[in-house]
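The structure appears right after this line, and notes come after that.
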Amino acid sequence: MQIPGFHFGLGGVPFLADAKTRSINAENPRGEKAGGAKSVPDQGSAARDLGKGWKVTPCITLPANSTTTLAEIDGPGIIQHIWITVEPKAYRDCILRMYWDGEGTPSVEVPLGDFFCNGHCTRANVTSLPIAVNPSGGFNTYWPMPFRKGAVITIENQRWEDIGGFFYQITYAQTAIPDNAAYMHAQWRRSNTTREYPEHLILDGIKGKGQYVGTYLAWVQMSDGWWGEGEIKFYMDGDTEYPTICGTGTEDYFGGAWGFYGPEGREERFSTAFLGMPLVQHEATRVPKFGLYRWHIMDPIRFDEDLKVTMQALGWWPNGKFQPLTDDISSVGYWYQLEPHATFPAMLPPCDRWSR
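Each residue of the sequence shown is one higher than the one before, counting from 3 in our numbering.
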């Protein structure tokens with residue numbers, strides 16, 4: 003049986019499926035059949051001389067300190083593509099949440115920009131398989147997001163002002179979902195590492211059966227010198243002191259080598275299907291910033307009971323010893339699991355999410 007959204011590449015394209023395609027945006031907020039382009043233009047509309055059906059309501063405004071429901075979908079089905087664009091000021095001040103099958107707490111709770119690998123309120127183009135960010139600030143995700151009873155997607159504007167010009171399109175298929183299909187999850191965390199404990203916590207307290215599928219890091223280099231010697235570690239299924247899976251260095255985990263250095267003798271941008279560093283920002287008057295992603299699509303990290311993921315922050319002392327770093331690190335961990343999921347930590351307030 004071909005399930006729309008559960009295959010990558012062209013191999014499944016010729017095969018028909020017993021599914022119906024629907025799409026939600028400001029012109030059809032319920033995704034209803036024959037429900038699009040019904041808005042009537044007023045005298046302030048750019049379509050006032052054209053009438054209905056001519057791009058009357060292409061976007062919405064997110065009111066200050068309020069939550070807007072972008073999609074409320076009856077199941078069963080699978081979300082196949084989400085496209086969003088808005089000004090960068092919304093990237094950290096707006097929280098994207100996704101709820102599956104009537105759950106009371108979200109399975110996805112991430113600042114908007116970080117979910118799409120734009121974690122520094124700075125636009126960075128991304129060319130990868132599940133997430134693509136195109137000029138200028140066109141956010142796209144192709145992570146398959148199945149649900150059985152229903153799906154709800156919201157965006158909370160925690161800024162002190164309204165945010166206008168919020169464009170979105172959510173495309174999904176109404177179709178049966180196999181029993182072994184797990185639910186999409188994503189969680190955001192931020193920490194300032196210390197000399198005493200130079201480690202960032204990506205995920206902890208994950209309970210249940212699932213598979214880890216991706217990491218995004220927004221790294222602010224507060225320490226001098228090279229910043230990428232630390233290892234990623236995956237503790238799973240009862241691991242305590244020692245992890246089952248351990249990396250060999252930050253640039254190694256993200257598919258690079260030797261400090262990501264290019265011809266100019268500093269970190270070089272790259273973006274590929276499964277891993278990349280689309281943001282490298284060096285400015286004379288600001289601290290360096292980096293954005294990195296790694297998708298475990300071909301190599302998911304499978305766990306049966308529990309999962310914890312950490313990333314060390316290490317550089318070098320001049321004497322050849324590792325230097326514990328005091329850096330500012332934000333992350334998104336992406337994984338699929340069967341519900342119910344463990345409670346997420348409380349989201350930091352906007353002032354503590356502010357990107358320098």
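Each residue gets a CB set at the ideal place from its N, CA and C atoms; glycine is no exception.
- [ ] Look up residue 166 in the DSSP assignment and say whether it is helix, strand or coil.
- [x] Here the question's residue 166 lines up with position 164 in the sequence shown. Per DSSP, reduced to three states, the secondary structure at residue 166 is strand.
Task: the segment 250 to 260 / the segment 218 to 234 touching (three or more Cβ pairs under 8 Å) - done: yes
Task: Classification of residue 370 by the beta-carbon crowding that lies within 10 angstroms, buried from 16 upward - done: Examination of residue 370 is not possible in this model, given that the chain is present from 3 through 358 alone.
- [ ] Quick one: give me the first and last residue of the beta strand (DSSP E) that residue 96 is part of.
- [x] Indexing the sequence shown from 1 puts residue 96 at position 94. Residue 96 -> beta strand (DSSP E) spans 96 to 102.
TODO: Rounded to whole angstroms, what's the CA-CA distance from residue 258 to residue 270? Just pull it up for me.
DONE: Numbered from 1 along the sequence shown, position 256 holds the residue referred to as residue 258. Numbered from 1 along the sequence shown, position 268 holds the residue referred to as residue 270. Rounded to the nearest angstrom, the two C-alpha atoms are 10 Å apart.
- [ ] Rounded to whole angstroms, what's the CA-CA distance from residue 201 to residue 167? Just pull it up for me.
- [x] For the purposes of this step, residue 201 is identified with residue 199 of the sequence shown, where counting begins at 1. For the purposes of this step, residue 167 is identified with residue 165 of the sequence shown, where counting begins at 1. Looking at the two C-alpha atoms, the distance is approximately 38 Å.
TODO: Could you check what DSSP says for residue 355 in three-state terms: helix, strand or coil?
DONE: Along the sequence shown, one-based indexing puts residue 355 at 353. DSSP places residue 355 in helix when its eight states are reduced to three.
Open item on the list: Any contact between the segment 73 to 82 and the segment 141 to 151? By contact I mean 3 or more CB pairs, one from each, below 8 Å.
Closed with: Taking a contact to require three or more Cβ pairs closer than 8 Å, the segment 73 to 82 and the segment 141 to 151 qualify as touching.
Task: Own chain, CB closer than 8 Å to residue 227, minus 5 neighbours either side, in chain order - done: Looking up residue 227 in the sequence shown gives position 225. By the criterion of a C-beta distance shorter than 8 Å, residue 227 is surrounded in its chain by 317, 318, 325, once the five residues flanking it on both sides are discounted.
TODO: Can you grab the Cα-Cα spacing for the pair residue 26 / residue 71, in whole Å?
DONE: Mapped onto the sequence shown, residue 26 falls at position 24. Mapped onto the sequence shown, residue 71 falls at position 69. Near 11 Å, if we compare the C-alpha coordinates of residue 71 and residue 26.
Open item on the list: By the three-class DSSP mapping on this structure, what secondary structure does residue 188 have?
Closed with: Along the sequence shown, one-based indexing puts residue 188 at 186. Residue 188: strand per DSSP, three-state reduction.
Task: Alpha-carbon spacing of residue 36 relative to residue 153, whole angstroms - done: In the sequence shown, counting from the first residue as 1, residue 36 sits at position 34. In the sequence shown, counting from the first residue as 1, residue 153 sits at position 151. Taking the straight line from one Cα to the other gives about 21 Å.
Open item on the list: Check for me: the beta strand (DSSP E) holding residue 263 runs from which residue to which?
Closed with: Walking along the sequence shown from the start, residue 263 turns up at place 261. Where residue 263 is concerned, there is no enclosing beta strand (DSSP E), given that its DSSP letter is neither H nor E.
- [ ] Going by DSSP, name the residue or residues bridged to residue 24.
- [x] Stepping through the sequence shown from its first residue, residue 24 is reached at position 22. Its beta-bridge partners are 174.
Task: Contact check, residue 184 vs residue 336, beta carbons under 8 Å - done: Translated into positions along the sequence shown, residue 184 becomes position 182. Translated into positions along the sequence shown, residue 336 becomes position 334. The answer is no: Cβ separation not under 8 Å.
- [ ] For residue 324, name the three-state secondary structure that DSSP assigns.
- [x] Numbered from its first residue, the sequence shown carries residue 324 at position 322. Correct three-state label for residue 324: strand.
- [ ] Count the other CB atoms, across all protein chains shown, that sit within 10 Å of the CB of residue 180; report buried if there are 16 or more and exposed otherwise.
- [x] The residue you call residue 180 lines up with position 178 of the sequence shown. Residue 180 comes out exposed.
Open item on the list: Quick check on residue 254: does DSSP put it in helix, strand or coil?
Closed with: Residue numbering aside, residue 254 sits at position 252 when the sequence shown is read from its first letter. Residue state, collapsed to three classes: helix.
Open item on the list: Looking at the strands, I want to know which residues DSSP matches up with residue 334.
Closed with: Within the sequence shown, residue 334 is the residue found at index 332, counting from 1. DSSP lists 190, 218 as partners of residue 334.
Task: Residue of 115, 255, 312, 159 minimising C-alpha distance to residue 65 - done: Your numbering for residue 65 matches position 63 in the sequence shown. Residue 65 has its Cα closest to that of 159, out of 115, 255, 312, 159.
TODO: May I have a chain-ordered list of the alpha helix (DSSP H) segments no shorter than 4 residues that lie completely inside the segment 86 to 165?
DONE: Taking only runs of at least 4 residues, the alpha helix (DSSP H) segments lying wholly in the segment 86 to 165 are 92 to 95, 114 to 117.
Open item on the list: Between 112, 225, 173, which has its C-alpha nearest residue 195's C-alpha?
Closed with: Indexing the sequence shown from 1 puts residue 195 at position 193. With distances taken between Cα atoms, residue 195 lies closest to 225.
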